[in-house]
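Heads up: the structure comes next, in structure tokens.
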Amino acid sequence: MHAIELESIEKIYSGGKQAVKALEDVTLRIEQGQFYGIIGQSGAGKSTLLRCINLLERPTRGTVTVMGKRLTDLAPRALQRERARIGMIFQHFHLLQSATVADNVAFPLRLAGVPRRQAQVRVAELLELVGLEGHEAKYPAQLSGGQKQRVAIARALANDPAVLLCDEATSALDPNTTQSILDLLLSIQARLGLTVVMVTHEMAVVQRVCDRVAVMDHGRLVEEGPLAQVFVSPQHEVTRTLLQAGDPEAQRVRPVRGGTVVRVVCAGAAAQGPFLQEAAARTSTEVSILHGSVDRIKDEPFARLTVEWTGDPPRVHQALNLLQTRGCRIDIWQEEGWRCAL
Ligand SMILES: Nc1ncnc2c1ncn2[C@@H]1O[C@H](COP(=O)(O)OP(=O)(O)OP(=O)(O)O)[C@@H](O)[C@H]1O
Ligand SMILES: [Mg+2]
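8 is the number of the first residue of the sequence shown in the numbering used here; add one for each residue after it.
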């Protein structure tokens, strides 16, 4: 069973002067226990899509099924019950300012009719889970952004959700705090077997935590797949633009030794070891790195390097062929821009 199944979703906002089609024919399945990313430019429909998963927005067409229950068919009461099993966190936390940390976390428990004593125990457990023991009696205004998001996460987990929806949950946080919130989400996800769906415009966030990613553009889902596949071989122009936006320096690289400037992108086994030097040695050519890094996609090595290759042109060609055979994506820079492959 999939955790989430969206079938032919359309969403038209018709409240204003002009109707806006925010989603068009979106079909998407998300497996249980995955960390799933949704990316796209501003206005692409990411938040609308996320809010359709728990029917905060009701699609104008299509069906939404979460953990085997077709939410779009449910009567209000039953929907309310199912919705309690879908947690959600937001960019600006949405905490009750006049309630303490403990009361914020207890809020969904109270709504669900959990007895006071039991709720207290649960709140203590949740605050420990998110690392906020000792902060029970504080008010949101006394907390840092990262601590506020921890409260929001504890609250979202109060009713043991199977699914956690995150809308730009780290976008208001500095890089270190972002890191610690992502670590928390990863550990909670692993511990509780949660399915997490995360909307973000930050590619570094996607790169760190997501197993799969969907790319939205103008209300349509234009690309979807395992993270490494989408990052190494983006199929859609919008995906390429989003990936490049995270690395503006790469666009400015020019040859310095009269060689061929090449962008090499690869993940997993293909990104391990001194693969550039090996290809150069086997073809009696030379390679020097102009820009880039080898870091990680989730737990896999991921290389994105701009290099200059020098030597006899047919041999350089042969070296690049070797890399391609190994599973690297190769783009060659020419005056008019990057050209794919060989
Ligand atoms: N409540 C609403 N009423 C009318 N139009 C809306 C409403 N919410 C969103 N829209 C429109 O729907 C489209 C998709 O919006 P959405 O908020 O889903 O985009 P997004 O990808 O989340 O953008 P961002 O990255 O800026 O958050 C946009 O054109 C937006 O203006
Ligand atoms: Mg949004």
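Just so it is clear, CB atoms sit at the ideal spot from N, CA and C, and this is done for glycine as well.
These figures come from a predicted structure and were not determined experimentally.
Identify, in the order they occur along the chain, each residue of the same chain with its Cβ nearer than 8 Å to the Cβ of Leu-63, setting aside the five sequence neighbours on each side.
In the sequence shown, residue 63 corresponds to position 56, counting from 1. Met-95.
Query - Span of the beta strand (DSSP E) around Cys-347 - result: As a working mapping, residue 347 is identified with position 340 in the sequence shown. Unbroken beta strand (DSSP E) run through Cys-347: 344-347.
| query | Under the rule that 16 or more other beta-carbon atoms within 10 Å means buried, what is Arg-280, buried or exposed? | reply | As a working note, residue 280 is residue 273 in the sequence shown. Reading off the sequence, residue 280 comes out as Gly, not Arg. Per the 10 Å Cβ criterion, exposed.
Report task. Note down the Cα distance separating Glu-14 from Gly-69, rounded to an integer number of angstroms. Result -> Taking the first residue of the sequence shown as position 1, residue 14 is located at position 7. Taking the first residue of the sequence shown as position 1, residue 69 is located at position 62. C-alpha separation (whole angstroms): 5 Å.
Quick check: does the Cβ of Glu-64 come within less than 7 Å of any heavy atom belonging to ligand 2?
Numbered from 1 along the sequence shown, position 57 holds the residue referred to as residue 64. No, since every heavy atom of ligand 2 falls outside the 7 Å radius drawn around the Cβ of Glu-64.
If Ser-291 sits next to Arg-264, beta carbons under 8 Å apart, how far is it from one beta carbon to the other, in whole angstroms?
By 1-based counting over the sequence shown, the position of residue 291 is 284. By 1-based counting over the sequence shown, the position of residue 264 is 257. No, Ser-291 and Arg-264 are not in contact; Cβ-Cβ is about 16 Å, not under 8 Å.
Q.
What residue range does the beta strand (DSSP E) around Arg-92 cover?
A. Locating residue 92 in the sequence shown gives position 85, where the first residue counts as 1. Arg-92 -> no beta strand (DSSP E), and no H or E assigned at all.
Open item on the list: Quick check on the DSSP output: the alpha helix (DSSP H) that includes Ala-257 runs from which residue to which?
Closed with: Within the sequence shown, residue 257 is the residue found at index 250, counting from 1. That residue, Ala-257, is in no alpha helix (DSSP H); it is neither H nor E in DSSP.
query = Which residues in the same chain as Arg-336 place their Cβ atom closer than 6 Å to its Cβ, once the five residues preceding and following it in sequence are excluded?
reply = As a position in the sequence shown, residue 336 is number 329, starting the count at 1. So the list reads Val-239, Ser-240, Val-272, once near-sequence residues are dropped.
Note to self: Quick check on the DSSP output: the alpha helix (DSSP H) that includes Lys-155 runs from which residue to which?
What the structure shows: Taking the first residue of the sequence shown as 1, we reach residue 155 at position 148. Counting along the chain, the alpha helix (DSSP H) containing Lys-155 begins and ends at 152-164.
- Item | N- and C-terminal bounds of the alpha helix (DSSP H) containing Cys-173 | As a working mapping, residue 173 is identified with position 166 in the sequence shown. Segment 170-174 is the beta strand (DSSP E) holding Cys-173; no alpha helix (DSSP H) there.
Residue interval of the alpha helix (DSSP H) (run including Cys-273)
Locating residue 273 in the sequence shown gives position 266, counting from the first residue. From DSSP, Cys-273 is part of no alpha helix (DSSP H) but of the beta strand (DSSP E) over 267-274.
Practice item. Could you name the residues whose beta carbon sits closer than 5 Å to any heavy atom belonging to ligand 1, keeping them in chain order? Key: Tyr-20, Val-27, Ala-29, Ser-49, Gly-50, Ala-51, Gly-52, Lys-53, Ser-54, Thr-55
Is the distance from the Cβ of Val-314 to the Cβ of Ile-296 below 8 Å? By one-based count along the sequence shown, residue 314 stands at place 307. By one-based count along the sequence shown, residue 296 stands at place 289. In contact: Val-314 and Ile-296 (Cβ atoms closer than 8 Å).
Quick check on the burial criterion: 16 or more other C-beta atoms within 10 angstroms. Buried or exposed for Lys-18? Along the sequence shown, one-based indexing puts residue 18 at 11. Answer is buried; the Cβ neighbour count reaches 16.
_For Asp-190, three-class secondary structure by DSSP_ = Residue mapping note: residue 190 aligns to position 183 of the sequence shown, counting from 1. If DSSP states are grouped into helix, strand and coil, Asp-190 belongs with the helices.
Hey, how far is the Cα of Ala-106 from the Cα of Leu-172? Here residue 106 corresponds to residue number 99 of the sequence shown, with the count starting at 1. Here residue 172 corresponds to residue number 165 of the sequence shown, with the count starting at 1. Cα-Cα distance, rounded: 23 Å.
Original post:
Out of Val-229, Leu-234, Lys-76, which has the shortest C-alpha to C-alpha gap to Ile-9?
Top reply: What you label residue 9 is simply residue 2 of the sequence shown in a count that begins at 1. Looking at the sequence shown, residue 9 is not Ile but His. Ranking Val-229, Leu-234, Lys-76 by Cα distance to His-9 puts Lys-76 first.
Under 8 Å between the Cβ atoms of Gly-226 and Ala-26?
-> Start at 1 with the first residue of the sequence shown, and residue 226 comes out as number 219. Start at 1 with the first residue of the sequence shown, and residue 26 comes out as number 19. Not in contact: Gly-226 and Ala-26 (Cβ atoms no closer than 8 Å).
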